[in-house]
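So the sequence lines, in the order shown, correspond to chains X and Y. In this text, residue positions in the first sequence follow the numbering used here: the first is 1, and each later residue adds one. In this text, residue positions in the second sequence follow the numbering used here: the first is 1001, and each later residue adds one. Quick reminder that beta carbons are idealized off the backbone N, C-alpha and C, glycines included. See below for the structure under consideration.
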Amino acid sequence: MTRAEQQLFIKSTARRQRELAAGGTSDLFDLIKNAAAPQIAAALAGLPEQRRREIGNDLTTWFKQHRTTWWTVGSGTALAVAVVGCLPTAAQAATILGRNNVNPHGQRAATLMAQTAEERGITWLGDLAHRLATKINQQTWTERWRFIAALLHITHTTPPTNDRFVELWLEAAALPDRQHRSRPTPLIDRLRADPFLTAMLPRLFEVDGLGTRMTFDEITTTWEDRQRHPLPTALAQLATEGTIDRTTLIDGAIGRLLRGDRAAALRAFTILLTELKPTTAEVTAHTTDYLRLLTDAPAPVATMAQTALRDLPDLDIETLLDTSRDVLQRPDKALVRTQLTWLDRLARQHRDRAAEIAEIIAIATEHPAIELRDRANTLATRHGHNPATAPTVTRPRGDDLPPPPPPAPAPTPITDIDELAEEVATLLGTQSQGTPLDRILDGLVRLTTTDSTRVHAALTPVIERRHWSWGNEHRYDPLCLCEVVVDVLTTAGATDQQPRRRSRWQALLAAVRRTDQTTDPRVPPPHRLLRARLTEIGAHLNEPGQPGLLATPTSANGMLDPLALLERLTALGDQPAWHWDLTQALLRLPTDTDPAVAGKAAALGTPAGERLADWLRSGGLPQPVMRATTVTRRARKHGNDWEYDQLPPNRHLVELRPPDGYTDPYGLLTADPKPLGSEYSGWVNLWPSILPGHRGVIAAYALPTVAATADMDQRDGAAILPLLAESTGPGGVALDLALAYGLGARHGADRIATLDALLGLAAADQLDAAGTGEQLGRLVTANLVKLSRAVEPLRDAALAGAPLTVWRLLAAALPALLAAAKPARGVPDLLSLAAETATTTGVRIEVPGLGDVAGRGGTSRLVTEARRLHRAIDTA
Amino acid sequence: MSAVQTYRYLGSSALGQGGLALQTSGGPTPNPRFFTGFLTTPQAAAIGLLAVAEVARTRYHRPVSPASLDPVVTGSRDRLRFESFSGCCGVYARLDALPAGLDGDVLEHGTTNVDVNNPLREALARVGGLDPLHLSVGPDDLTVSTMDGPVVEKKVPLPARWLRGFAEVQILAAAFEPRAEIPATEAATFLRRLPTTNDRTVLWAVPAGRSLRLTSRPVPGAVCLAGPSRLTALRGMLRFAQTLRVYGPTIAAGSAPAPSTWELDTGTLRLSLTLSPEPYRGFSGEGAALTALAGDDVVDDANLVAAMLSWDPTIDVDRLATDTNLTPTRVRAALAQLGTAGRVGYDVSEAAYFHRVMPYDASRAERDNPRLIGARALLDAGAVELDGTSATIRSGDQTYRVRQLPDGDLTCTCPWWAKHRGQRGPCRHALATRMLTTDRAEEPV
C-alpha cells in the first residue's frame, strides 16, 4: 500500500469537508477510484452549491481522461454518487453515467444517489434515470440495466418500453442477482415483486423474436434439476391468482401467434396458452383465431389450436369443414391424422351430413404420406364416399435419366501474364479450398520461360496481398500445400538469392525421392504425388525453353488425351522430361488407348517417348484389389478426452492391394484404412483429377472424409462424390461405401451432393445399386448411419427419373434392415418408398425376410408397409 | 451517410367494418389516395400483404434488430403493386394485385408508403371468407378534411445501402429469364422441405419431372437458391397459388452464385421474392449499374425517357423508342439508369419495366456508391496509367493490373475482384480505367 492510499483511510471526513469547501478537489478522485462511495457522500454533505459546481467541472474534465476505463461495480457506484453530488443538470450527469462502461451496483448505487440528491436538494434524479434508460442500446448489458432499473424504481419514474429495455428486463428476470449465494428466489416471487411487470407485459407480445428469450430454464439447485420454461408458467399462475389480467395474456398470445414469428419464438406463447388452459367460453370467443392458427401456423401451434377446438361443444360444422379442407393438405402427419379422427367422429355424430364430411375426408387421399392416404380412403369409404378414381394403370417404366453429357473439355490455357496474375489472385484471394491448380501451373511454367521478368513483376504484388490462410504450412492439416504453392509462385522469375532457392528446391525434391515408398502415414499417395510435382516445378521453373507441363489435363475431369501428350513430347524434343510431371501425365491417360500411339511414342526415340510406349503397352496402372474392413475407435485417453467422444465406435473403410504380379512403384494401389480421426479438408477435391481413371482408388482414399459427414457430422465432405461420378473406372466397394455414407450425411448440402453423384453414375450406367444398397443396410444395422436421413435423397432420386435404380438399391438394403432385432427408425418410410418404386417400375426383385415381417400380426407401421411392399412385388 | 425517413400517416391502417383502409405517406402528395374498390380474393391478398410486410421487417442475415421500414405501394393504371425490401438488403418482395384481383377505381397514380402495424397484421391474418373485401389505399376525403384523428408519425433510419439495393434489384432482374414453372402441389412440397433455420448454404434448383430438384453444383438451366430459409415468406401464399415460377440469369457449369426470383401466381395476385446471390450479400453491393453511372451519356437519355413515362403497368420499350427517337438499346440503357434512381421497377413475369417513383430521395444513393467515389479518387490522384488495352494502377504502395477482355469487360488483380470475379460489378480500379479510357476517347473529338 502506498502512502497516498493509506492516507485515503486516514483522512477524516471533517478534514475532507474542510478541504473541499476551501477549494480544489481534495482526494475526491482517489476516493472514486477506490470505490469509497459512502465516504464521498459524507464528504459532499453540506457543501455549498457554488463549490459543488466547481468540483463538478473538475470531475467532468477528469472523467474525460478516464473515458475508456472499465468502471467496476464499486468505482462506478462511487462515480455515480460524486456525479449526483456535484454536476449541475441531469443532462450533464447523463453524459457521464450514460456510458456503457460505467456499471454501478444497482440497488446500492440507487440508494446512495437518492440520499445524496435529497441531501443536496436536487429534483432531477428522475430525469436522469429517464435519460439513462432511453440511452440503452444493444451493447448495454444486464448489470447496467439493473442499475438503471433501480434508479427508475427509487425515483418512481415510468420505465421506457422500447425493445431493448424489454429484452434486458427479460434477461434480468432470467438471471437473478445472486448476491448472497443463497438459494435464489423463485421466478414467480420475483415477478410478483417486480415494479415493471405491468409496463412490460403487453410488450412481451409485441417485440419480434422475444419469444426465444422467454423459454429459459430455471436452475435452482443443480444443473440437472431445473424447471422448464418457468416464465410462461409463472405468468399463467399470476393470471390465475389475479395479479395480472388474464385477458391481456390470452389476447396477446393469440395475437402474437396470428402475426407469426420464427417457429422457435412462438414456442413460448404456445406454452403460455396451454398453461392458461382457456375455458370453453374463452376459446369460443377466439374461434376464428384458433381456426386460422390450425390452418396456417407452424405445426406445434396448429396442434395446440386443434386440441383447443376439438373440445368445443358447438363448433359450426360448416366452418370446421372449410378449415379441414386446408388442414388436410398440410404436410404435418400427426396433425392430419388427428384431423381425420375428428372428422370421423363428426361424421358418426351427424349421420345426415356424413356424405358431405366424407367428401372432405377424401381430400387427404392425395396426401404425400401413404399411411394417411390409406386412412383417408378407409374413412371416406366408411362414410359413403365412393372414390371415383379407377386404380391408375401406369405402364411400368425403368430409369428415365438424360444421358450423361460428354466430359467437358479443360478450360483454355492461360496465355497472358495479366490473366495469370488474376488467376493467382483468385487462388490466393480466399481460404485455400482445393481449387484445381493445373491450369495455373501450366501457365506459370510456359510464361516464365518466355518472359520471367514480367511474370515476376506481375505476381509479386498479388502474392503479397494473399489471404492470411496462405501464409504458411498448417501443421494440423497434413495435406496442406499452402506454403509450397506460394513458394512455387514466388520462385517464378525471381532473380535474387538464386543459389539458396535452388539448393532448397533440390533438397525438397531429394526428400520426395527418398521417401518414395515409406512416408508420412497420414498423407495418401495421390497427394504425395501432387506435392512431388509441385516441388519438381519449383526446382525447374526458371530453366529456359520449357514448352509447358506434360500432365495438364485435356478434360475437366483430369483425363489427358494420349495424342496431346504425344504432341507435347514431340515439342519437348531432346530435352529431358521431368520425372514426376511425366508420371502424372501417364496416370491421366485413358486405359483404352489406340496401340498405334505406343508405336509413335517409341518412334520419338527419347527416353520419355520410350516410357510412354512402355506404359501404353503394359496397360498402364492396373485396378487394385479392394477389401472392406472395419476400423475401430482408439482407446480412451486418461483425463478429459473430448476428441474420443466425437469419434464413432467404428467405421467401414477399404483396404487397397495391387493385383498379383504388379509391383506398384508409386504405392498408389497399396493402402491400409486410416485410423479414425484422420479426415481431410478441401484438398481432397484435387484427387479425382490425379487418377481420373481409378474412381475406386480415389473413393477409397477419400472414404474417411465422406464417412465423417455421416458419423462425425462434418460438413462438405461429400463434395468429392459428384467429381468421382465424372471420373472413370470401376468404383468397387469403396464407391458403394462412400455413397452409402453420403446418403446418411448430417448436412443437407452433403446429401444433395451424394444425390448428384448417384444420378450421374446411374445415368452413365456405372452405379452398382445393389452394392450401394447392401452397404447402406450394413451401415444402418451397425448403427453407423441414420437411415431417416437417407430416405429423402432416395425419394428425390426416384422422382428425378431413377426409380429402378432406387428400387434395386432398396431391395439390396432391406434384407439386413428387416433382419435386425430392433428395426431402425425410417424403415417403414423406406418400405413405402420401395413399394412405390416397385410399382412404378414393375420389376420383380425378391427381398429375403420380407415375407416374415409382412406375415407378422398387428397393425404397426412396419408391418403395414411390409405388407404393402409384399403386395407390390407380387403384382409386379 | 444514413438519412432518416419520416412517415406521417393521417391515421393507422386498419381493417374494420368498412373494409381494409391502408394509410399512405409520401409520394405525389403528402397522403395520396390511389385506390378504392374491392379485392376479389381477400384471403390471398391479405396473406400476400402480410408476406410483403414480413420481408420489410426482417433481416435475414445477422438478425440483430428487426428492420422497420414500411412497404411501398404503386398505383399503376390497372393494378396495385406492393413492394418491400428486407433490412439486410438481400430479399426483395413484391405483391402485384392484377386487374382480375381488383374491382374498383384507381384514383391517382404514383408510389407511396403504406402503414402496417401490429393490429393490422393480426386483422389481416384473420381475414377469411370468399366475399370481396373493400380496400382503400390512402385516406378518404373525410379523414383529410377533418384531420382530427391522431397523426401517426414514425421516424426510421433510411440507410443509403438499403436505397441502393432496392434500386439495384430492378437492374439485375432485367437480365432474368423464366427457368421453371411447376404446379402448386409440387411447389408446396418443394418449398416446405427447405430448411427454415438460418442457413447459409448455396444450392441450385433444376427442373426435374413436374417439380424441382436441388443440386449441389451449377448446371445449365439451373436457378441459384442461396440461403433457402429466406423463402419462408412464400409459405402462407402456397394455399392459394396455382403455379410457382422461377426466374434467374443464365447459368453455366461453374457459375458463381446468382440472384433468383421465386413467384407464386394465384391468377389474381402474384407474390414474388427475389433473393441475393448469397445471404450475406446485399443487393446494394452488386454493382450492376456502376458502369452505366461511370459515364454521363445515359443521363440525358434517361431524362428524356423519364418525361415520357406515364404510370403504365408495363413499359413498352419499342413505343418509347418511337416516341423519343432513340434506339431501343439506348432506351433500355436509359431505363436501367432510371432504375438506379428508383424511378422504374422491373417485373420479371411481364419481362418489362414499370413506372414507379420511390417515395425516397434515391437519386444520390447510387451516385455516392463507395466504389465510384474510390474510382474518382484514383483518377484525381493520377493513379491510372494506360498501356494499350491494359492499365497499371498504383494505389498507396500496391500495384494492380486491369486488363480488357475481348468482350469489353475489364478484369483486375485486386483481392476484391479475385473474390467476386466480376459477379458484383467492376472494382474501383476497373471503374477508374473505364472512366479514363472514355475520357481519352472523347478528348480528340
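Exercise. Using a Cβ-Cβ cut-off of less than 7 Å, list which residues of the segment 456 to 475 of chain X approach chain Y; keep chain order.
Key: 458, 461, 462, 465
Quiz prompt | Through-space distance from residue 768 of chain X to residue 808 of chain X, alpha-carbon basis | solution = 9 Å
Quiz prompt | Same chain, Cβ closer than 6 Å to residue 680 of chain X, neighbours up to 5 away in sequence not counted | solution = 479, 705
Practice problem: Could you have a look at residue 69 of chain X and say whether DSSP puts it in helix, strand or coil? | Solution: coil
Exercise. Please determine, among Y:1115, Y:1174, Y:1128, Y:1160, the residue with the shortest C-alpha to C-alpha distance to residue 1151 of chain Y.
Key: Y:1115
Quiz item: Are there three or more Cβ pairs, one per stretch, closer than 8 Å when the segment 1153 to 1170 of chain Y is compared with the segment 316 to 325 of chain X?
Solution: no
Quiz item: Helix, strand or coil for residue 1005 of chain Y per DSSP?
Solution: strand
Self-check item: Beta-carbon gap between residue 136 of chain X and residue 164 of chain X smaller than 8 Å
Solution: yes
Quiz prompt | Identity of the residues DSSP links to residue 219 of chain X by a beta bridge | solution = X:226
Quiz item: Interface residues of chain X around residue 1211 of chain Y at Cβ under 7 Å?
Solution: 799
Exercise. Report yes or no: is there a C-beta of chain Y within less than 8 Å of the C-beta of residue 38 of chain X?
Key: no
Quiz item: Checking contacts by CB at 8 Å: is residue 1195 of chain Y closer than that to chain B?
Solution: Considering every chain present, this structure includes no chain B. Its protein chains are X and Y.
Practice problem: Measure the C-alpha to C-alpha separation of residue 839 of chain X and residue 362 of chain X and round it to an integer number of angstroms. | Solution: 23 Å
Quiz prompt | CA-to-CA distance, residue 1074 of chain Y to residue 1010 of chain Y, given in whole angstroms | solution = 19 Å
Self-check item: Outcome for residue 714 of chain X when other beta-carbon atoms lying within 10 angstroms are tallied against a minimum of 16
Solution: buried
Self-check item: Contact set between residue 1267 of chain Y and chain X, taken where Cβ atoms lie within less than 7 Å
Solution: Within 7 Å Cβ-Cβ: nothing; residue 1267 of chain Y doesn't reach chain X, min ~18 Å.
Quiz item: Could one say the Cβ of residue 1221 of chain Y lies closer than 8 Å to chain X's Cβ atoms, at least one of them?
Solution: no
Quiz item: So residue 1373 of chain Y packs on residue 1344 of chain Y, CB below 8 Å; how close in whole Å?
Solution: Wrong, their Cβ atoms sit about 25 Å apart, outside the cutoff.
Quiz item: Taking the DSSP output, what are the residues bridged to residue 1398 of chain Y?
Solution: Y:1395
Self-check item: alpha helix (DSSP H) segments (min. 4 residues) lying fully within the segment 18 to 56 of chain X
Solution: 28 to 33, 37 to 44
Quiz prompt | C-alpha gap between residue 333 of chain X and residue 375 of chain X, whole angstroms | solution = 12 Å
Quiz item: Between the C-alpha atoms of residue 1284 of chain Y and residue 1278 of chain Y, what's the straight-line distance to the nearest angstrom?
Solution: 13 Å
Practice problem: Mind the definition here: the segment 1309 to 1323 of chain Y touches the segment 1116 to 1130 of chain Y only if three or more C-beta pairs lie below 8 Å; say whether that holds. | Solution: no
Self-check item: Cβ neighbours of residue 578 of chain X in the same chain (closer than 7 Å, five flanking residues each side left out)
Solution: 536, 540
Quiz item: Which residues share a DSSP beta bridge with residue 626 of chain X?
Solution: X:656
Quiz prompt | 7 Å Cβ shell around residue 1103 of chain Y - same chain, five flanking residues per side excluded | solution = 1037, 1038, 1040, 1132
Quiz item: So what does DSSP say about residue 843 of chain X, is it helix, strand or coil?
Solution: coil
Quiz item: Where does residue 1445 of chain Y sit, in a helix, a strand or coil, going by DSSP?
Solution: The predicted position of residue 1445 of chain Y is uncertain, since its pLDDT is 47 and thus under 50; no value can be drawn from it.
Quiz item: Which of helix, strand or coil does DSSP assign to residue 84 of chain X?
Solution: helix
Self-check item: Under 8 Å (Cβ pairs) to chain Y, residues found in the segment 202 to 213 of chain X
Solution: 206, 208, 209
Self-check item: Pairwise C-alpha distance: residue 657 of chain X and residue 624 of chain X
Solution: 6 Å
Exercise. Could you pull out every unbroken beta strand (DSSP E) segment of at least 3 residues lying fully inside the segment 1316 to 1375 of chain Y, listed in chain order?
Key: 1344 to 1347, 1352 to 1355
Practice problem: For residue 740 of chain X, write down the residues that DSSP places opposite it in a beta bridge. | Solution: Note: residue 740 of chain X sits in no beta bridge, so no partner.
Self-check item: Cβ-based neighbour list, residue 109 of chain X, same chain, cut-off 8 Å, excluding 5 preceding and 5 following
Solution: 37, 76, 77, 80, 81, 147, 150, 151
Quiz item: When we look at the beta-carbon of residue 350 of chain X and count the other beta-carbons within 10 Å, is it buried (16 or more) or exposed?
Solution: exposed
Practice problem: Pair every Cβ in the segment 757 to 771 of chain X with every Cβ in the segment 726 to 740 of chain X, then say whether three or more of these pairs are closer than 8 Å. | Solution: yes
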